[in-house]
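Novice:
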Amino acid sequence: MKIATWNINGVRARIENALAWTKQAAPDVLCFQEIKTEDAGFPRQAFEDLGYNVETHGQKGFNGVAILSRLKFDEVSRGLPDDANDIQSRFIEGVFSVGGGAIRVVCLYLPNGNPVGTEKFPYKLAWMERLAAYTKSRLDDEEAFVLCGDFNVIPETSDAKIPEAWVNDALFQPETRRAYRKLLNLGLTDAFRACNDQPGNYTFWDYQAGAWQRNNGIRIDHHLLSPQAADKLVTVTIDKQTRGWEKPSDHVPVILELAV
DNA sequence: ATGGCTGCAGGATGCAGA
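Remember, this note's numbering sits 878 above the position in the first sequence when you count from 1.
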């Protein structure tokens, strides 16, 4: 099965691209981040017409996540389970029955955290701690699950064309990278890096200063797998084509394939 | 990039993104 993640940067502004890619790539599960709309504004019918079930966790103007699935949702929940007071819509999860078992898919949009030195950065780090606590609890279940989405973390220097340009950025701070390693060290597998150890593979290119044309990108959209999911890992593909389309998102889709 | 785009809310421009 194919589980894709794509920071769409406004699903309403991007609807033509989103539908065209979904038709072409035909993922079984598709996780969107930055839908930038309330639930009522999500173009649900257009995706239902392609055969998808749609679950959203929207927010007016900013953030917002959604999971689309060809499989029926056995369960859905919205928000990290520890804090009902967090009004930012950055987390939605679904559970699906596959191949005699179940797989849980978490679609997340981790806080950007810039500028460092404002309250945004500690919010990011705290969110990563909350995600780690959630993960630790899920790992105790010893089930297959996937955390995917826009992590807003550049894990290593090999994940940026110009790492020096990011040293003062929240995406590449030592504390950010440490928190990401801490997450992995709980027992998760970075699916892309399990399949590809080469530099030069990016998922985001800034709109400004010809970043795409210069391939000045960063790899910040990830799939992290529980051991039971990692055992089924086939491959991960970064689908760069959409970045060259008209009115592109600044992120491109990343597709995880599992042997289930 | 000390931000050169872009989307959104709102109905002008400011904020957020990374």
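Quick reminder that beta carbons are idealized off the backbone N, C-alpha and C, glycines included.
Could you tell me which of Ala1069, Glu1042, Pro1033, Asn1063 sits nearest to arginine 1055, measuring between CA atoms?
Specialist: For the purposes of this step, residue 1055 is identified with residue 177 of the first sequence, where counting begins at 1. Measuring from the Cα of arginine 1055, the nearest candidate turns out to be Pro1033.
Novice: Just curious, the beta strand (DSSP E) that lysine 843 is in, first and last residue?
Specialist: Here the chain has residues from 879 to 1138 only, and residue 843 is not among them.
Novice: Please give me, in chain order, every unbroken run of the beta strand (DSSP E) with length at least 3 that falls completely inside the stretch 915 to 996.
Specialist: Taking only runs of at least 3 residues, the beta strand (DSSP E) segments lying wholly in the stretch 915 to 996 are 931 to 935, 943 to 947, 953 to 956, 969 to 976, 979 to 987.
Novice: Can you check whether the CB of valine 1045 is closer than 8 Å to the CB of leucine 988?
Specialist: For this step, residue 988 is matched to residue 110 along the first sequence. For this step, residue 1045 is matched to residue 167 along the first sequence. No, they are not a contact pair.
Novice: May I have a chain-ordered list of the alpha helix (DSSP H) segments no shorter than 4 residues that lie completely inside the stretch 1028 to 1067?
Specialist: Entirely contained in the stretch 1028 to 1067, the alpha helix (DSSP H) runs reaching 4 residues are, in chain order, 1052 to 1063.
Novice: How big is the Cα-Cα spacing for glutamate 953 and arginine 1097?
Specialist: Against the first sequence, residue 953 aligns to sequence position 75. Against the first sequence, residue 1097 aligns to sequence position 219. Straight-line Cα distance between these residues: approximately 30 Å.
Novice: By how many angstroms is the C-alpha of phenylalanine 951 removed from the C-alpha of aspartate 1023?
Specialist: Within the first sequence, the letter at position 145 stands for residue 1023. Within the first sequence, the letter at position 73 stands for residue 951. Rather than aspartate, the amino acid found at residue 1023 in this sequence is phenylalanine. Spanning the two alpha carbons is a distance of roughly 14 Å.
Novice: Would serine 1127 pass as a contact of asparagine 885 if the rule is Cβ separation under 8 Å?
Specialist: In the first sequence, residue 1127 corresponds to position 249, counting from 1. In the first sequence, residue 885 corresponds to position 7, counting from 1. Yes. Within cutoff.
Novice: Within a Cβ cutoff of 7 Å, which residues of the same chain sit near glutamate 1053, ignoring the five residues on either side of it in sequence?
Specialist: On the first sequence, residue 1053 is found 175 positions in, with the first residue counted as 1. Hits under 7 Å: Leu1003.
Novice: When you compare the stretch 1116 to 1133 with the stretch 1075 to 1086, are there three or more beta-carbon pairs, one atom per stretch, that lie closer than 8 Å?
Specialist: The stretch 1116 to 1133 is in contact with the stretch 1075 to 1086.
Novice: Cβ atoms of threonine 900 and cysteine 985: under 8 Å apart, would you say?
Specialist: For the purposes of this step, residue 985 is identified with residue 107 of the first sequence, where counting begins at 1. For the purposes of this step, residue 900 is identified with residue 22 of the first sequence, where counting begins at 1. Cβ atoms of cysteine 985 and threonine 900: not closer than 8 Å.
Novice: Go ahead and pull the three-state DSSP assignment for tryptophan 1083.
Specialist: Taking the first residue of the first sequence as 1, we reach residue 1083 at position 205. Strand at tryptophan 1083.
Novice: Identify, in the order they occur along the chain, each residue of the same chain with its Cβ nearer than 8 Å to the Cβ of lysine 1125, setting aside the five sequence neighbours on each side.
Specialist: Taking the first sequence and counting its residues from 1, the one referred to as residue 1125 is at position 247. Cβ neighbours of lysine 1125 beyond the five flanking positions: Ala891, Arg892, Glu894, Asn895.
Novice: Can leucine 958 and arginine 1016 be called in contact, C-beta distance under 8 Å?
Specialist: Within the first sequence, the letter at position 80 stands for residue 958. Within the first sequence, the letter at position 138 stands for residue 1016. No, they are not a contact pair.
Novice: Beta carbon of glycine 991, beta carbon of alanine 1038: below 8 Å?
Specialist: Counting from 1 along the first sequence, the entry for residue 991 is found at position 113. Counting from 1 along the first sequence, the entry for residue 1038 is found at position 160. No, Cβ-Cβ distance for glycine 991 and alanine 1038 is not below 8 Å.
Novice: If you reduce the DSSP assignment to three classes, tell me which class isoleucine 893 lands in.
Specialist: On the first sequence, position 15 is the one that residue 893 refers to. Reduced to three states, the DSSP call for isoleucine 893 is helix.
Novice: Below 8 Å on the Cβ atoms is my guess for aspartate 961 versus alanine 1011; work out the distance and round it to an integer in Å.
Specialist: Here residue 961 corresponds to residue number 83 of the first sequence, with the count starting at 1. Here residue 1011 corresponds to residue number 133 of the first sequence, with the count starting at 1. With 8 Å as the limit, aspartate 961 and alanine 1011 do not qualify as a contact, their Cβ atoms being about 11 Å apart.
Novice: Thinking C-alpha only, which one of Lys914, Arg1059, Asp1109 is nearest glycine 888?
Specialist: Along the first sequence, read from residue 1 onward, the residue named residue 888 stands at position 10. Among Lys914, Arg1059, Asp1109, the Cα nearest to that of glycine 888 is on Lys914.
Novice: Provide the residue span of the alpha helix (DSSP H) that contains glutamine 1106, from first to last.
Specialist: The sequence position of residue 1106 within the first sequence is 228, counting from 1. Taken as a continuous stretch (DSSP letters only), the alpha helix (DSSP H) holding glutamine 1106 covers 1105 to 1108.
Novice: Please report the distance separating the alpha-carbon of alanine 980 from that of glycine 1088.
Specialist: As a position in the first sequence, residue 980 is number 102, starting the count at 1. As a position in the first sequence, residue 1088 is number 210, starting the count at 1. Alanine 980 and glycine 1088: Cα-Cα distance of roughly 43 Å.
Novice: Distance, Cα to Cα, tyrosine 930 vs phenylalanine 974?
Specialist: Looking up residue 930 in the first sequence gives position 52. Looking up residue 974 in the first sequence gives position 96. Near 13 Å, if we compare the C-alpha coordinates of phenylalanine 974 and tyrosine 930.
Novice: What are the residues that DSSP puts in a beta bridge with glycine 1095?
Specialist: Here residue 1095 corresponds to residue number 217 of the first sequence, with the count starting at 1. Per DSSP, Trp1083.
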